[in-house]
Amino acid sequence: MRAAVCPEYGPPEVVRIEERPVPEPGTGEVRVRVRAAAVNFPDVLLVANEYQISVPPPFVPGSEFAGEVVALGPGCGPIAIGDRVCGTGLHGAFAEQIAVPAGKLTRVPEGVDFADAAAFGVTYRTAYHCIRSVARVSAGAELIVLGAGGGVGSAAVALGARLGLSVTAVASSPAKLEVARSLGAAHLIDHRGGNLRDGLRAALPGGADAVIDPVGGELSEPALRSLRRGGRFVTVGYASGTVPRIPLNLVLVKGIHVLGFQFQDIDRAEFDRNERELGRLLADGLRPHIGAHFALSDSAAALRLVADGHAVGKVVIDIDEDGHRARG
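With full-length UniProt numbering applied, the sequence shown corresponds to residues 1 to 328, in that order.
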């Protein structure tokens, strides 16, 4: 089978296409014919050995995929050959086939194509849990989303709007803000076009209830300053490459809650509730914005687009010969 392989740590360009043995599913595992894989920023970090977990090279990058079950290992439970499934893992998705634990797969709802299923899991799950169980905001609240043109950011905009929040989208270009507008953002701010603090003050004179921040860097402090008393600032990641230094006196004076997001910190009952609600949203027509499609042979270019911060919404690798959108 063909696979994109990271032979050594480095920039996205080290990734190359190789022939690899078809993986055999072990006990409790199934083999999936991958139809689409989505690119996430941690994939870039894993290739560069800058992620919090290291994978020794050579390895196949890619953490998110969708496709069809083609082989079953012993003891893999109620799953059948031909089932349409999607899943996530640390690596291995940028390949024609992957072997994964059956328990980590989710069935793709009827009417959802493989590209949308692959692009939905990581970012929409992250954004939904952030909004529901960390920021804990409800209909009518004011939500600021930094990096609103990226994967987690665009998901947070779409989900926030769907949940009845008033979303202020902050992004780095008119094209990214246009996507945020189409996803339901009430206010749009280009942080490269002026002073972010002034822009937020003009858009939200009464302040915001929560901030979702997957970017970090110089955007974090002005967004935190825009919170009203008792507001919640949720830090998700640092796509800017810079961990912000927040003056703690701001936290003290305004009674702000600064919260980190990790899936394992969510109460199990809440986690299950969120997953059910998110699944219904996908089945009912909520779709990720996919800004670019690549063929498997162009995996390095797909990683580069995400690494440079130029991706709008999600980037998908269609695992076929010509790179056409994966359907089915």
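Think of the CB as a built atom: it goes at the ideal place given N, C-alpha and C, for glycine as much as any other residue.
As the structure is a computational prediction, the values presented were derived from the model and not from experiment.
Segment limits, alpha helix (DSSP H) that includes residue i
i	result
Glu-221	220–225
Lys-254	248–254
Arg-16	Note, Arg-16: premise wrong, no alpha helix (DSSP H); beta strand (DSSP E) at 16–19.
Gly-309	Premise fails: Gly-309 is in no alpha helix (DSSP H) and is neither H nor E.
Pro-174	174–182
Asp-267	First-last for Asp-267: undefined, no H or E at that position.
Beta-ladder partner(s) of residue i, from DSSP
i	result
Ala-235	Just to set this straight, residue 235 is Thr in the shown sequence, not Ala. In DSSP, Thr-235 forms a bridge with Asp-213 and Gly-260.
residue 330	Because residue 330 is not part of the residues shown, which for the chain are 1 to 328, the question remains open.
residue 399	The displayed coordinates of the chain run from 1 to 328. Any statement about residue 399 would go beyond what the structure contains.
Ala-155	Looking at the DSSP assignment, Ala-155 forms no beta bridge with any residue, so it has no partner.
Val-85	Gly-67 and Arg-107
Residue i (DSSP reduced to helix, strand or coil)
i	result
Ser-54	coil
Leu-286	coil
Glu-321	Below a pLDDT of 50, predicted positions are generally treated as unreliable, and Glu-321, at 49, falls in that range; the measurement from the model is reported next regardless. Correct three-state label for Glu-321: coil.
Cys-76	coil
Pro-7	coil
His-91	coil
Leu-46	helix
Leu-143	strand
Thr-126	helix
Pro-101	strand
Glu-29	strand
Ala-38	strand
Gly-279	helix
Gly-207	coil
Gly-199	helix
Arg-245	coil
Arg-229	strand
Lys-314	strand
Gly-160	helix
Cβ separation of residue i and residue j, assumed to be a contact under 8 Å, to the nearest whole Å
i	j	result
Phe-120	Leu-282	6 Å
Pro-244	Gly-285	Actually they are not in contact, since the Cβ atoms of Pro-244 and Gly-285 sit about 36 Å apart, beyond 8 Å.
Leu-204	Ser-226	6 Å
His-293	Asp-318	6 Å
Pro-23	Arg-31	6 Å
Gly-62	Ala-37	5 Å
Delimiting residues of the beta strand (DSSP E) encompassing residue i
i	result
Val-137	Val-137 -> no beta strand (DSSP E), and no H or E assigned at all.
Would you say the segment 2–10 touches the segment 88–107, given that touching needs at least three Cβ pairs under 8 Å? As far as the Cβ criterion goes, the segment 2–10 touches the segment 88–107, which means the pair count is three or higher.
Is the segment 69–81 close to the segment 39–53, with three or more CB pairs under 8 Å? They do not touch, by the three-pair rule.
With contact counted as at least three CB pairs below 8 Å, one residue from each stretch, are the segment 227–235 and the segment 171–179 in contact? No: fewer than three Cβ pairs fall under 8 Å.
Would you check if the segment 117–127 and the segment 293–300 touch, i.e. whether three or more CB-CB distances between them fall below 8 Å? Taking one beta carbon from each stretch, the segment 293–300 and the segment 117–127 have fewer than 3 pairs nearer than 8 Å; the two do not touch.
Would the segment 172–191 and the segment 145–164 be scored as touching if the rule is three or more Cβ pairs under 8 Å? Judged by Cβ distances under 8 Å, the segment 172–191 makes contact with the segment 145–164, as three or more pairs qualify.
Quick check: the segment 203–223 against the segment 141–157, are at least 3 beta-carbon pairs closer than 8 Å? Yes, the segment 141–157 touches the segment 203–223.
Do three or more CB pairs link the segment 130–138 to the segment 98–106 at distances below 8 Å? Too few Cβ pairs lie closer than 8 Å, so no.
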